[in-house]
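Note sheet for the following structure.
Below, the structure written as structure tokens:
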């Protein structure tokens, strides 16, 4: 395990809480990165490979994401080291939130991330007997089920359209490859199709579908509803190896699966002119430099996939309300925020001669530092 002290810098994390439970075998961690702009808010994931260092990286992304969209919460993330397909899933989840009852919801409000669903958010609320303990709950419980609504993927597509317009082109008729067909990827593909793009590649763990003339997105979405990740296999046709979708001929590439999927070698083989990061941390600094040197426009993750945090902002306001958030207002706000922030970051990178990630981080840090200085937290 990484030395927790080595994870800390001038920005955070402020709090790292590791918990375990012998009866269920639960092991997990909560990282609250920076609360200068508000209480900790971020997703909770479940995966057998979860580490403290991984959750800390994601918590920092949340700090930047909230600051990037100029909404007033702080960065945080939680992770449970367990298999989400396990029959003991619910018992492990309940043990985790019980162990964090002194943190939730006073310092941290749970959201959804990899391996967890809207029902899990409902379980968090139930275990702590507090409607304010989690957001992203099902519609029937008065929540904002943003995975079900596809808010994050919708925002990714809006960011892609803004990036295309910034480059003087259009998504209409553009070829788009989407890595991942989960909560973010499928919603992004649906919105990209609505905006007139041709989705030429889609991948899951089962492989990558590729049709240079464009896939039948409506059919793929219907198959996903029935077969999940196996939709690419059920669609028919020859499957490429997972990862091949990153280098197919396309105008736009949307990595919307896992982190660290584009290294230097993969970056050198990307054939798209625009990369829109739907997943968290899909590229590292070395890959980002390679893409920049090749003239590839990259919309950073905490800009492109921030639609979910905009929706979470609405959900946070409505946690104890008898009224559901207005989904129309949420989608309008996501569209406006994604388009404005994409253009702002691309303009800043061009003016400063930096990568888009460096420009986006600088903008977020400026806002966080201002809050820290006002509260006396910044050492001059």
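Residue numbers (the numbering used here): 143 to 522. Even for Gly, the Cβ is constructed at its ideal location relative to N, Cα and C.
Here's the rule I'm using: 16 or more other beta-carbon atoms within 10 Å means buried, otherwise exposed. How should residue 487 be labelled?
For this step, residue 487 is matched to residue 345 along the chain shown. Its Cβ being crowded by 16 or more others within 10 Å, residue 487 is buried.
If I'm right that residue 192 touches residue 227 with Cβ under 8 Å, what's the distance once you round it to whole angstroms?
Within the chain shown, the letter at position 50 stands for residue 192. Within the chain shown, the letter at position 85 stands for residue 227. About 15 Å separates the two Cβ atoms, so there is no contact after all.
Would you mind reading off the limits of the beta strand (DSSP E) that contains residue 351?
Sequence index remark: in the chain shown, residue 351 carries index 209 (1-based). Residues 349-352.
Is the stretch 248-261 in contact with the stretch 433-448, if contact means three or more CB pairs nearer than 8 Å?
Taking 8 Å as the limit for Cβ pairs, the verdict is that the stretch 433-448 does not touch the stretch 248-261.
For residue 281, does the count of other Cβ atoms within 10 angstroms reach 16, so buried, or fall short, so exposed?
Counted from its first residue, the chain shown places residue 281 at position 139. Answer is exposed; the Cβ neighbour count stays below 16.
Could you tell me the distance, in whole angstroms, from the CA atom of residue 213 to the CA atom of residue 384?
As a working mapping, residue 213 is identified with position 71 in the chain shown. As a working mapping, residue 384 is identified with position 242 in the chain shown. Using only the alpha carbons, I get a separation of about 36 Å.
Please return the same chain residues whose Cβ sits closer than 8 Å to the Cβ of residue 439, not counting the five positions on each side in sequence.
Position 297 of the chain shown, counted from the start, is the residue given in the question as residue 439. Correct list, in chain order: 305, 308, 309, 415, 416, 417, 488 and 498.
Which residue marks the beginning of the alpha helix (DSSP H) containing residue 288, and which one marks its end?
Taking the chain shown and counting its residues from 1, the one referred to as residue 288 is at position 146. That run of the alpha helix (DSSP H) goes 288-291.
Measure the Cβ-Cβ separation of residue 178 and residue 513 and say whether it is below 7 Å.
The sequence position of residue 178 within the chain shown is 36, counting from 1. The sequence position of residue 513 within the chain shown is 371, counting from 1. A contact, by the Cβ cut-off of 7 Å.
Would residue 398 and residue 341 qualify as a contact pair, given that the criterion is a beta-carbon distance under 7 Å?
Stepping through the chain shown from its first residue, residue 398 is reached at position 256. Stepping through the chain shown from its first residue, residue 341 is reached at position 199. For residue 398 and residue 341, no; Cβs fall outside 7 Å.
In whole angstroms, what is the alpha-carbon distance linking residue 461 and residue 407?
Residue numbering aside, residue 461 sits at position 319 when the chain shown is read from its first letter. Residue numbering aside, residue 407 sits at position 265 when the chain shown is read from its first letter. The alpha-carbon atoms of residue 461 and residue 407 are separated by roughly 45 Å.
How is the beta strand (DSSP E) around residue 176 delimited, first residue to last?
Along the chain shown, one-based indexing puts residue 176 at 34. Here the beta strand (DSSP E) through residue 176 covers 168-176.
Which residue spans inside the stretch 358-420 form an unbroken beta strand (DSSP E) run of at least 3?
As far as the stretch 358-420 is concerned, its whole beta strand (DSSP E) runs of at least 3 residues are 394-397 and 416-418.
Would residue 182 and residue 216 qualify as a contact pair, given that the criterion is a beta-carbon distance under 7 Å?
By 1-based counting over the chain shown, the position of residue 182 is 40. By 1-based counting over the chain shown, the position of residue 216 is 74. Yes, these two residues count as a Cβ contact at 7 Å.
Which residues mark the beginning and the end of the alpha helix (DSSP H) in which residue 486 is found?
Here residue 486 is taken as the residue at index 344 of the chain shown, counted from 1. Per DSSP, residue 486 belongs to the alpha helix (DSSP H) from 469-494.
Are the beta-carbon atoms belonging to residue 331 and residue 359 less than 7 Å from one another?
The count along the chain shown starts at 1 and reaches residue 331 at position 189. The count along the chain shown starts at 1 and reaches residue 359 at position 217. Contact: yes.
Rounded to a whole number of angstroms, what is the C-alpha to C-alpha distance between residue 218 and residue 173?
As a working note, residue 218 is residue 76 in the chain shown. As a working note, residue 173 is residue 31 in the chain shown. Computed Cα separation, rounded: 6 Å.
Do the stretch 448-455 and the stretch 469-478 make contact, defined as three or more Cβ pairs closer than 8 Å?
Because the criterion of three Cβ pairs below 8 Å is met, the stretch 448-455 and the stretch 469-478 touch.
Counting only the same chain and skipping the five closest in sequence on each side, list residues whose C-beta sits under 7 Å from that of residue 245.
Locating residue 245 in the chain shown gives position 103, counting from the first residue. Cβ neighbours of residue 245 beyond the five flanking positions: 159 and 172.
What residue range does the beta strand (DSSP E) around residue 462 cover?
Position 320 of the chain shown, counting from 1, holds the residue named residue 462. No beta strand (DSSP E) contains residue 462, which DSSP labels as neither H nor E.
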